[in-house]
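Visitor:
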Amino acid sequence: MSQQTIFLPWQEGSAKSITFIVTKDCQLACKYCYLVGKNSKERMPFEIAKGAIDYILHHEEIFPDESVVWEFIGGEPFLEIELIDKICDYLKIEMYRLNHHWFNSYRFSFSTNGINYHEPRVQEFIHKNINHLSIGITIDGTQKKHDLNRIYKGNGKGTYEDVVKNIPLWLRDFPYGGTKVTVSSKDIPYIKDSILHLFSLGIHEVSINCVFENVWQEGDDILFEDQLCDLADEIIDLGLNEDYQCSFFNDQIGKPLDPTLFNQNWCGAGKMLSIDATGNFYPCTRFAQYSLRDKHAWIVGNIYDGIDQNKLRPFLTLDRLTQSPDKCIKCEVASGCAWCQGENYDAADTPTIYQRSTAICKMHKARVRANNYYWNKLHRKLGIEEEKTSKHKESMCSEYNSYC
Amino acid sequence: MKQNLSVQIVFPSYELPKEYLTVIGQIDHTIITESTTPTLSSKNSIYVHSGLTNLPQFDFLKDLNVVIRCKFSEIIHGGHLIASVFPFVRRLNIVMTDIEVINGEDLDGYNNTLNSLSDVILKEYVRGHFVQTNLLTDRFMLDEMNNCNAGIETITLAPDGKFYICPAFYFDSGDYGLGDSCFNVGDLENGLHIPNIRLYDLEHAPLCRICDAYQCKRCVWLNRKTTYEVNTPSHEQCVITHIERNASRSLLKRIQEKTTLLPNKVIKEINYLDPFDIKPNY
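Protein chains in written order, with our numbering: chain A, 581 to 984; chain B, 831 to 1112.
(1) May I ask you to verify whether the region 1017 to 1033 of chain B touches the region 891 to 902 of chain B, counting CB pairs closer than 8 Å and requiring at least 3?
(2) Tell me, please, whether the CB atom of Arg947/A is closer than 8 Å to any CB atom in chain B?
(3) What does the alpha-carbon distance come out to for the pair Ile771/A and Lys666/A?
(4) Going straight from the alpha carbon of Asn890/A to that of Cys668/A, what length do you get?
(5) Do Gln1045/B and Leu972/B come within 8 Å of each other at the CB atom, strictly closer than that value?
(6) If I measure Cβ to Cβ from Leu671/A and keep anything under 7 Å in the same chain, skipping five residues before and after, which residues do I get?
(7) Is there a Cβ of chain B sitting closer than 8 Å to that of Tyr980/A, yes or no?
(8) Near Cys977/A, what residues of its chain come up, given a Cβ to Cβ distance below 7 Å and the 5 sequence neighbours on each side ignored?
(9) Beta-carbon of Thr599/A versus every beta-carbon of chain B: anything under 8 Å?
(10) Assuming Leu922/B contacts Ile898/B (C-beta within less than 8 Å), just tell me the rounded distance between them.
(11) In chain A, what lies closer than 9 Å to Glu954/B by C-beta?
(12) Which full runs of the beta strand (DSSP E) of 3+ residues lie inside the region 991 to 1069 of chain B, going along the chain?
(13) DSSP three-state call for Ile833/A: helix, strand or coil?
(14) Can you give, in chain order, each stretch of the beta strand (DSSP E) that sits fully within the region 819 to 869 of chain A and has at least 3 residues?
(15) With DSSP run on the structure shown, which of helix, strand or coil describes Thr897/A?
(16) Say whether the region 767 to 783 of chain A touches the region 900 to 917 of chain A, bearing in mind that this needs 3 or more beta-carbon pairs closer than 8 Å, one atom from each stretch.
(17) If you count every other CB in all the chains shown that lies within 10 Å of the CB of Gly819/A, and 16 or more means buried, which is it?
(18) Does the beta carbon of Leu1037/B sit closer than 8 Å to a beta carbon anywhere in chain A?
(19) Could you give the distance in angstroms between the alpha-carbon of Pro799/B and the alpha-carbon of Asn1053/B?
(20) Indicate whether Phe688/A and Asn709/A have their beta-carbon atoms separated by less than 8 Å.
(21) Need the endpoints of the beta strand (DSSP E) that Ser787/A sits in, please.
(22) What does the alpha-carbon distance come out to for the pair Gly886/A and Phe918/B?
(23) Is DSSP giving Lys1092/B helix, strand or coil here?
(24) Beta-carbon within less than 8 Å of Glu640/A's beta-carbon, same chain only, minus the 5 sequence neighbours each way: which residues are those?
(25) In angstroms with no decimal places, state the Cα-to-Cα distance between Val1121/B and Cys996/B.
(26) Of all the options Lys1055/B, Gln962/B, Phe1001/B and Met926/B, which has the alpha carbon lying nearest to the alpha carbon of Ser880/B?
(27) May I ask which residues mark the beginning and end of the beta strand (DSSP E) holding Val961/B?
(28) Can you tell me which of Asp813/A, Ile855/A and Arg900/A puts its alpha carbon nearest to the alpha carbon of Lys957/A?
(29) If the criterion is Cβ atoms closer than 8 Å, does the pair Ile862/B and Phe841/B meet it?
(30) Check whether the Cβ of Ile855/A lies closer than 7 Å to any heavy atom of the ligand NAD, and answer yes or no.
(31) Provide the residue(s) that pair with Asn547/A in DSSP beta bridges, ordered along the chain.
(32) Determine the extent of the alpha helix (DSSP H) in which His726/A is found, giving its start and end residues.
(33) Express the C-alpha separation of Asp605/A and Val616/A in angstroms, rounding to a whole number.
(34) Can you give me the C-alpha to C-alpha distance between Lys973/A and Asn830/A, rounded to a whole angstrom?
(35) Note the first and the last residue of the continuous beta strand (DSSP E) segment covering Leu894/B.
(36) Please list the residues of the region 897 to 917 of chain A that have a C-beta atom closer than 8 Å to any C-beta atom in chain B, keeping them in chain order.
This is the structure:
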């Protein structure tokens, strides 16, 4: 497997991400889910999706991006496979009919809980669109860790068994498929075993991140660091670093950032576009009302009136320094510290995206300490083989794209 | 008052009780009053006209400070009425009351109006009357941003006993988006508290801090209304202030050609109307 293929999103940087929130329903009730307003009523009518597509494809001047990723999100998107299939058919026909510049440069993308991956209707869709498709199944690790958070709505039963049985089928369809793992306070003790378990399932790429919400308890950072150091030992001692990657370890993180050279925003909100069942546009799904605890939805237009570019200006002018507190600007280990613009907005003292939440601070610092341990140990084992590590470094630079 | 604070007092359209006037008379103050208010004639008074239609009937005493509040379309179509005021006043501020609804179609007309007003101002300068107006002459007197600075340098105490960032947030209870945000920032009982106060500061405004349309008021109320963020101006706001900036540049050059005034002042030529187009890409 080429390491260059890992962690590099398709058409990185030149693809517009457009997300259809096809349903707000999900079979699961994950304990860490940021979607506080999930429900079974808000399903996107096809006419709304069609209206969005018509608006977008007829306004190439405001969507000049070279490529497009049509993303489908829920809740659980595959609950609406019939609708999605119809939307994708319409997209293909219209991009072709309009001779749109995206016709030869598009992809459909899904992040699914994997529960109904095996169902005939889903499989039929996959094989119909396989050449333009990315699907990630979320599995959190061992059964213990997965079932701690990822439980069925209603009966509260863990979902691990119903997900893991679909992993081989998924890896057959997407041999380089990656999974996203989320860490919250309670499942820290299971991180090491979980990553190793995912590797053992044949998943070579594990993107993992701590939740951005303020859930962290006293001592979580120490426990987290211990877990990552133990994981580093296992990965290096077993030589897993050759074929597997865990996004926690990245030799570009944990350095101070020169304010004059590194002032870019971390998050892509505003460069993306989300559409909900009513036809409203958002700068990212995290700004739709079902994602927000304390704030009102940040709507930037709708399929009838189009996009109000003024409502996007704050996102497109946002930089690292303007939104960060002094402690982040002066931080000695600033590089790689992530943030979610939606969480920043939700947690802010006023309705603004210019107040960076720092709830994740101590967890980032713990990650940096463990990361240093990992690279020091790896360098000692290998001798400093710059060529090899720099290749790895390049592939990891874009990890943030897998973080949301 | 012990700190040499000057208070601007907005007078109502009716006559104030005598005891109010007595108290006001004890402090250093400026009166802002509607032009139709029973006279409080003072050289320090600022007379506010609503609309342009009554301008021809108003008796402009020499060297008045005047404010005209009007719609954008009135400026475009009533430039001659505005121009007629310049010979009589020390300063004329023109305040657009509907800037948030302006669209691109009106902008050429605005440019033409500013050029017409420039012709009149140039004549005044040539005859030695150095009239000021916010739209055209402020820019060539400034070397740095001269924004409203509400929230940083000024704060408003409203009749409800609460503090607001500026009067607009008190008077306009319209829809600002993002829910029913409460824009009061304290009250007389509990004191003043401005959350995220840094966002009112120029350094925390990514577009404004790279901009040289120094005459722009950088209205945080308008920003909040049009972009949801107090530190981010709308495209239309930026274009309008840059049309003013460029008209100011042309007027400055003509004044320099016709008089000995401002010989070393330079406003550089730029090729954009919205700083968004030149924002740094990090």
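Where a beta carbon is used, it is the ideal one built from N, C-alpha and C, also for glycine.
Guide: So, from the listed chains and residues:
(1) no
(2) Working through the first sequence from its first residue, we reach residue 947/A at position 367. Under the 8 Å criterion on CB atoms, Arg947/A is classed as non-interfacial with respect to chain B.
(3) For the purposes of this step, residue 771/A is identified with residue 191 of the first sequence, where counting begins at 1. For the purposes of this step, residue 666/A is identified with residue 86 of the first sequence, where counting begins at 1. Near 39 Å, if we compare the C-alpha coordinates of Lys666/A and Ile771/A.
(4) As a first step, residue 890/A must be located in the first sequence, where it is residue number 310. As a first step, residue 668/A must be located in the first sequence, where it is residue number 88. When rounded, the distance between both Cα atoms is 30 Å.
(5) Position 142 of the second sequence, counting from 1, holds the residue named residue 972/B. Position 215 of the second sequence, counting from 1, holds the residue named residue 1045/B. The answer is yes: Cβ separation under 8 Å.
(6) Here residue 671/A is taken as the residue at index 91 of the first sequence, counted from 1. Closer than 7 Å at the Cβ level, and outside the excluded window around Leu671/A, lie Ile633 and Trp650.
(7) Within the first sequence, numbered from 1, the residue matching residue 980/A stands at position 400. No answer about Tyr980/A holds up, because its pLDDT of 39 lies below 50 and its placement is not dependable.
(8) Locating residue 977/A in the first sequence gives position 397, where the first residue counts as 1. Bear in mind that the predicted position of Cys977/A carries a pLDDT of just 39, short of 50, making it unreliable; the figure below should be weighed with that in mind. Excluding positions up to five away in sequence, the list reads Gln832.
(9) Mapped onto the first sequence, residue 599/A falls at position 19. By this cut-off, Thr599/A is not an interface position.
(10) As a working mapping, residue 922/B is identified with position 92 in the second sequence. As a working mapping, residue 898/B is identified with position 68 in the second sequence. About 7 Å separates the two Cβ atoms, so the contact holds.
(11) What you label residue 954/B is simply residue 124 of the second sequence in a count that begins at 1. Those within 9 Å of Glu954/B in chain A number zero; the least Cβ separation is about 37 Å.
(12) 992 to 994 and 1014 to 1017
(13) The residue labelled residue 833/A in the question sits at position 253 within the first sequence. Three-state result, Ile833/A: coil.
(14) Runs of the beta strand (DSSP E) lying entirely within the region 819 to 869 of chain A, each at least 3 residues long, are 853 to 855 and 860 to 862 in chain order.
(15) Translated into positions along the first sequence, residue 897/A becomes position 317. If DSSP states are grouped into helix, strand and coil, Thr897/A belongs with the helices.
(16) no
(17) Translated into the one-based positions of the first sequence, residue 819/A becomes position 239. Gly819/A should be labelled exposed.
(18) The count along the second sequence starts at 1 and reaches residue 1037/B at position 207. Yes - at least one Cβ of chain A is within 8 Å of the one on Leu1037/B.
(19) There is no way to answer for residue 799/B, as the model of chain B reaches only from 831 to 1112.
(20) Position 108 of the first sequence, counted from the start, is the residue given in the question as residue 688/A. Position 129 of the first sequence, counted from the start, is the residue given in the question as residue 709/A. Yes.
(21) Working through the first sequence from its first residue, we reach residue 787/A at position 207. Segment Glu785 to Cys790, the beta strand (DSSP E) holding Ser787/A.
(22) Within the first sequence, the letter at position 306 stands for residue 886/A. Within the second sequence, the letter at position 88 stands for residue 918/B. Cα to Cα, Gly886/A sits roughly 47 Å from Phe918/B.
(23) Taking the second sequence and counting its residues from 1, one reaches residue 1092/B at position 262. In the sequence as displayed, the identity of residue 1092/B is Leu instead of Lys. Of the three classes helix, strand and coil, the one that applies to Leu1092/B here is coil, per DSSP.
(24) Here residue 640/A is taken as the residue at index 60 of the first sequence, counted from 1. Around Glu640/A: His680 and His681.
(25) The shown model of chain B, from 831 to 1112, leaves out residue 1121/B, and the question about it has no answer.
(26) Position 50 of the second sequence, counted from the start, is the residue given in the question as residue 880/B. Out of Lys1055/B, Gln962/B, Phe1001/B and Met926/B, Met926/B has the C-alpha closest to the C-alpha of Ser880/B.
(27) Position 131 of the second sequence holds residue 961/B. Neither: Val961/B is in no beta strand (DSSP E) and is coded neither H nor E.
(28) One-based indexing of the first sequence puts residue 957/A at position 377. If we check each option's Cα against that of Lys957/A, Asp813/A comes out closest.
(29) The residue you call residue 862/B lines up with position 32 of the second sequence. The residue you call residue 841/B lines up with position 11 of the second sequence. Here Ile862/B is near Phe841/B, since their CB atoms are less than 8 Å apart.
(30) Of the ligands one can find in the structure shown there are none, so the ligand NAD has no counterpart to examine.
(31) The first residue shown for chain A is 581 and the last is 984, placing residue 547/A beyond what the model contains.
(32) As a position in the first sequence, residue 726/A is number 146, starting the count at 1. Taken as a continuous stretch (DSSP letters only), the alpha helix (DSSP H) holding His726/A covers Gln723 to Asn729.
(33) Counting from one through the first sequence, the residue named residue 616/A turns up at place 36. Counting from one through the first sequence, the residue named residue 605/A turns up at place 25. Val616/A and Asp605/A: Cα-Cα distance of roughly 11 Å.
(34) Numbered from its first residue, the first sequence carries residue 973/A at position 393. Numbered from its first residue, the first sequence carries residue 830/A at position 250. Only weak support exists for where Lys973/A lies, its pLDDT of 45 falling under 50; the coordinates are left without a value.
(35) Counted from its first residue, the second sequence places residue 894/B at position 64. In the DSSP assignment, Leu894/B falls within the beta strand (DSSP E) that extends over Leu894 to Cys900.
(36) Thr897, Leu898, Asp899, Arg900 and Thr902
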